[in-house]
Structures are given as C-alpha cells and as structure tokens.
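**Student:** Below is one structure. I have some questions about it.
Residue numbers (my numbering): 26 to 310.
Shown next as structure tokens:
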C-alpha cells in the first residue's frame, strides 16, 4: 500500500504545492501505469506547458523592449545632438531623414504588434473574395521599385496566364506578399534578382518568392516562423527587422487552410512557396 498509493500521492501533493507557489519548473515522476501514474504525468505536462508559456512571454516582452529601445535611443541621440549644436544646422536634413526612418520602424513594429494582438484575441477574420492574383503581385512588386533601385535589385515576374483567380482575403494576401518580398529584398545582395512565380496544379495556385541572397542555415529553418526570431545571419545583415513578418505570414496562410514552405541554402538563396485555392470564375467564363 505504501509503495502503490502513499508514496506516489505524497509526490503528487508535493508537486502541487510547488506549482501553487509558482515553481512551474519543478520536476517529478511517478513510476506506475495506474491512475496515480496517469495523474502525475498529466500534472507534470500541464506544469511544463505553463512554464514554457511563461518563458515565451518573458522572451516576447524582452524582444519587444529591445526592438523599441533601439530606434528610440537613435532618435533621442540625434535630436539631442541637434539641440546642443553637435550636429550643425547644415546637416539637419540628413539626420532628420534618419529620425524619420526610425519613426517608420516604430510604426511598422507597432502595426505588427497590433496585428499579432488581433490574431491572439480574435483569430484571423477573413473576408474571402474571388480576385486576380497576378494583378495583386504586380501591384505589390511595384511598391518596392524605389528600394530595388537603391540596391540595384531586379524583380522578375513569371506569371502563368494573363489572369489567375483565387479565393482568399485579398488584403491579407497582399500583406503576405509584401512580407515575403520585403524579406527577400532585405537579405539579397546588390545587383541580384528576385523571382516571383505563379503556377497552377490540382485546383490550387502556387506562389513562389525566390531570392539569391544570404540564405538560412539548415538548423534554423524550423525556427524562422517563431515570433521575433532572428537568425545570427539576419542580425549581422540587418538589425532593423521586427522578426514578426514570417510569423504573421504563416498564420495568415494557415487561416486560409493552406500551407507555406521554405527551401533555403546558406549562401545561395531562399524560396518561399505558398498555395491558395483556385477560383471557379475562370471555369465559368
């Protein structure tokens, strides 16, 4: 009786007291296959999930604080330098443009956090319509003309057919395309090419965004979808990203009941491919 009931019960009681006091990292085990063992396993699992959630929240707050602090520190430094005369008036335009860019970073981060908050509290509300995906791709690509010109990056559109209709939330898919293209440009080399391609297969439309940039290390491919995740390569290449774009992108595609995959080789480039359901509009015409 002591070994079968009392000792396991004492372990479970001790564990519950530890968890009640906030020590979710407390570990214990009951080596039995009866109800006591099952209860202990469930209790231990619940505690580990709560601990993981708490750790994720702490990392989230730390990452948000870091990403806000960097541009705010930069803005404060430049404005103080202008006020105390360190930066002469003839240089104001240059540094005010830098301040403007930093406020843009803060706006982008704030918008991303608002999007994540909506995902967490309401889920993704989709307003699905039939729309022509090639036109949307052309419009999104056009918004990056200035950025591409600065880095002498070309965008090649390989779009199947004159018109390809899909059923999806057009605003959300625009955001997906914007995130993927922004990511491709950010990590592409000067004088390189980004290819956006559409193909049709099994009543689905596949959209690919492929670059010849720095690539992603193999051991980090599964981590890139995590919120605020930034690889060591991305930190060295560009510290201005929020680390939220790919997480939001995946959640949008999954909300449509579709998939997004990544193929990447470090030093060679990266390709993101996602699918959307084909509309029946073309078949009705």
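Yeah, the Cβ is synthetic: ideal placement off N, Cα and C, and Gly gets one too.
1) Per the contact definition of three or more C-beta pairs closer than 8 Å, is the stretch 189-196 in contact with the stretch 154-165?
2) Just to confirm, are residue 271 and residue 141 a CB contact at a threshold of 9 Å?
3) Since I believe residue 33 is in contact with residue 71 (beta carbons under 8 Å), could you give me their beta-carbon distance rounded to a whole number of angstroms?
4) Would you tell me roughly how many angstroms separate the C-alpha atoms of residue 121 and residue 103, rounded to the nearest one?
5) Where residue 246 and residue 183 are concerned, what is the direct C-alpha to C-alpha distance, given to the nearest angstrom?
6) Grab the span of the alpha helix (DSSP H) containing residue 289 for me, first residue to last.
7) Could you give the residue range of the beta strand (DSSP E) that holds residue 190?
8) Between which residues of its own chain and residue 137 is the CB-CB distance below 8 Å, once the five residues before and five after are set aside?
9) Closest by CA to residue 51, which one among 83, 220, 77 and 63?
10) Closer than 7 Å by C-beta to residue 205: which residues in its own chain qualify, once you throw out the five before and the five after it? Chain order, please.
11) Using three-state DSSP, classify residue 42 as helix, strand or coil.
12) Would you kindly check if the distance between the Cβ of residue 239 and the Cβ of residue 214 is under 9 Å?
13) With DSSP as the reference, label residue 293 as helix, strand or coil.
14) Which runs of the alpha helix (DSSP H), 4 residues or longer, sit entirely within the stretch 191-238?
15) May I ask which residues mark the beginning and end of the alpha helix (DSSP H) holding residue 282?
16) With a Cβ-Cβ cutoff of 9 Å, do residue 225 and residue 303 count as a contact?
17) Which of helix, strand or coil does DSSP assign to residue 55?
18) Can you give me the C-alpha to C-alpha distance between residue 110 and residue 116, rounded to a whole angstrom?
19) When DSSP labels each residue in this structure, what does residue 93 get in the three-state scheme?
20) Would you mind working out which of 197, 293 and 126 sits nearest residue 99, comparing C-alpha positions?
21) I'd like the ranges of any alpha helix (DSSP H) spanning at least 4 consecutive residues and lying wholly in the stretch 109-150.
**Tutor:** Taking the structure as given:
1) yes
2) no
3) About 17 Å separates the two Cβ atoms, so there is no contact after all.
4) 8 Å
5) 26 Å
6) Unbroken run through residue 289 is the beta strand (DSSP E), 285-290; no alpha helix (DSSP H).
7) 190-193
8) 267, 269, 270 and 273
9) 77
10) 234, 274 and 297
11) helix
12) yes
13) coil
14) 195-211
15) Careful: residue 282 lies outside any alpha helix (DSSP H) and carries neither H nor E.
16) yes
17) coil
18) 11 Å
19) helix
20) 126
21) 117-147
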